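K.L.:
In our numbering, the protein residues as written are 5 to 217.
1. Tell me, please, whether the stretch 76-93 touches the stretch 103-113 by the rule of three or more beta-carbon pairs shorter than 8 Å.
2. For residue 79, does the count of other Cβ atoms within 10 angstroms reach 16, so buried, or fall short, so exposed?
3. Tell me where the beta strand (DSSP E) around residue 12 begins and ends.
4. I need the boundaries of the beta strand (DSSP E) containing residue 108, first residue and last residue.
5. Quick one: what does DSSP say residue 125 is sitting in, helix, strand or coil?
6. Suppose you measure from the CA of residue 129 to the CA of residue 21; what does that come to, to the nearest Å?
7. To the nearest angstrom, how far is it from the Cα of residue 197 to the Cα of residue 215?
8. By Cβ distance, which residues of its chain are closer than 6 Å to residue 174, with the 5 residues on each side in sequence left out?
9. Confirm, please, whether the CB-CB distance from residue 37 to residue 77 is below 8 Å.
10. For residue 25, count neighbouring C-beta atoms within 10 Å of its own C-beta (all shown protein chains included) and say buried if the count is 16 or more, exposed if not.
11. Alpha carbons only, please: which of 162, 186 and 156 is nearest the one belonging to residue 177?
12. Would you mind giving the Cβ-Cβ distance between residue 57 and residue 29, rounded to the nearest angstrom? I have them listed as a contact below 8 Å.
13. Do you know how far the Cα of residue 151 is from the Cα of residue 229?
14. Within 10 Å of its beta-carbon, does residue 210 have 16 or more other beta-carbons around it, so buried, or fewer, so exposed?
15. Would you check if the distance between the CB atom of residue 206 and the CB atom of residue 180 is smaller than 8 Å?
16. Between which two residues does the alpha helix (DSSP H) carrying residue 75 extend?
17. Pull up the DSSP beta-bridge partners for residue 91, would you.
Spelled out as structure tokens, the structure:
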């Protein structure tokens with residue numbers, strides 16, 4: 005069996021589903037399919053089929069369906085996940101909290117939802133990703149109040165992007181516990197109230213987006 009570890013096919017004209025043959029490359033560590041025209045849902049067991057993944061980059065395609073739980077349950081060495089600019093739907097899986105080496109998680113520009121406490125449970129799960137530095141959920145379908153549990157994200161976090169959603173109410177003061185943040189994006193939501201009570205605790209902040217609230 006082919007012991008391929010890196011497969012980079014970005015910026016081509018690939019379309020349709022990911023070929024089944026890719027999922028037989030069980031030693032694969034780096035899979036990059038960005039900027040193609042690939043579509044359909046990912047196999048639910050993709051993490052079992054590719055358990056050695058380190059970087060998984062599918063940005064700028066047309067994938068749909070939910071983010072498979074198996075990524076977090078089985079591909080435990082993942083450090084980078086980029087699923088941005090697709091059509092993924094449903095909740096953010098709590099299984100991602102098992103990826104203790106994860107540093108980069110980009111889910112922006114999809115149709116992911118969070119409307120109630122259960123949907124937001126991923127915030128509690130991600131506290132275990134102690135190396136996480138970049139997390140983007142911009143331009144999804146997050147609604148209602150941003151929960152106080154936002155402070156459960158790891159204190160290693162440097163970039164948190166939540167712009168372009170339908171979040172409302174006050175920004176929770178607990179966000180001030182994320183003291184390593186250098187970039188916080190909260191623009192294009194329905195936030196109201198004041199930024200006093202948390203902004204003064206983000207002493208490393210170099211970039212703050214609050215436009216269109």
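Just so you know, even glycine gets a beta-carbon here, dropped at the ideal spot from N, CA and C. Bear in mind the structure is a predicted one, so any value in this text is a computation, not a measurement.
P.N.:
Well, looking at it:
1. The stretch 76-93 vs the stretch 103-113: in contact.
2. The count along the chain shown starts at 1 and reaches residue 79 at position 75. Answer is buried; the Cβ neighbour count reaches 16.
3. If you number the chain shown from 1, residue 12 lands on position 8. Where residue 12 is concerned, the enclosing beta strand (DSSP E) stretches over 10-12.
4. Along the chain shown, read from residue 1 onward, the residue named residue 108 stands at position 104. Annotation: the continuous beta strand (DSSP E) that includes residue 108 extends over 108-110.
5. Counting from 1 along the chain shown, the entry for residue 125 is found at position 121. The answer is helix: DSSP assigns residue 125 an H, G or I state.
6. Position 125 of the chain shown, counted from the first residue, corresponds to residue 129. Position 17 of the chain shown, counted from the first residue, corresponds to residue 21. Their backbone Cα atoms lie some 30 Å apart in a straight line.
7. Counted from its first residue, the chain shown places residue 197 at position 193. Counted from its first residue, the chain shown places residue 215 at position 211. Between the alpha carbons of residue 197 and residue 215 lies a distance of about 14 Å.
8. Position 170 of the chain shown, counted from the start, is the residue given in the question as residue 174. In chain order, 197 place their CB closer than 6 Å to the CB of residue 174, counting only its own chain and leaving out the 5 sequence neighbours on each side.
9. Working through the chain shown from its first residue, we reach residue 77 at position 73. Working through the chain shown from its first residue, we reach residue 37 at position 33. Not in contact: residue 77 and residue 37 (Cβ atoms no closer than 8 Å).
10. The residue given as residue 25 occupies position 21 in the chain shown. Exposed: under 16 other Cβ atoms inside 10 Å.
11. On the chain shown, position 173 is the one that residue 177 refers to. Looking only at 162, 186 and 156, the smallest Cα-Cα distance to residue 177 is reached by 156.
12. Numbered from 1 along the chain shown, position 53 holds the residue referred to as residue 57. Numbered from 1 along the chain shown, position 25 holds the residue referred to as residue 29. Between residue 57 and residue 29, the beta carbon gap of about 10 Å keeps them out of contact (Cβ cut-off 8 Å).
13. Residue 229 falls outside the range modelled here, since the chain spans only 5 to 217, and no answer is possible.
14. Within the chain shown, residue 210 is the residue found at index 206, counting from 1. Exposed, since its Cβ has fewer than 16 Cβ neighbours within 10 Å.
15. Position 202 of the chain shown, counted from the first residue, corresponds to residue 206. Position 176 of the chain shown, counted from the first residue, corresponds to residue 180. Against a cut-off of 8 Å, the Cβ pair of residue 180 and residue 206 comes out as a contact.
16. Locating residue 75 in the chain shown gives position 71, counting from the first residue. Counting along the chain, the alpha helix (DSSP H) containing residue 75 begins and ends at 74-78.
17. Locating residue 91 in the chain shown gives position 87, counting from the first residue. Residue 91 pairs with 68.
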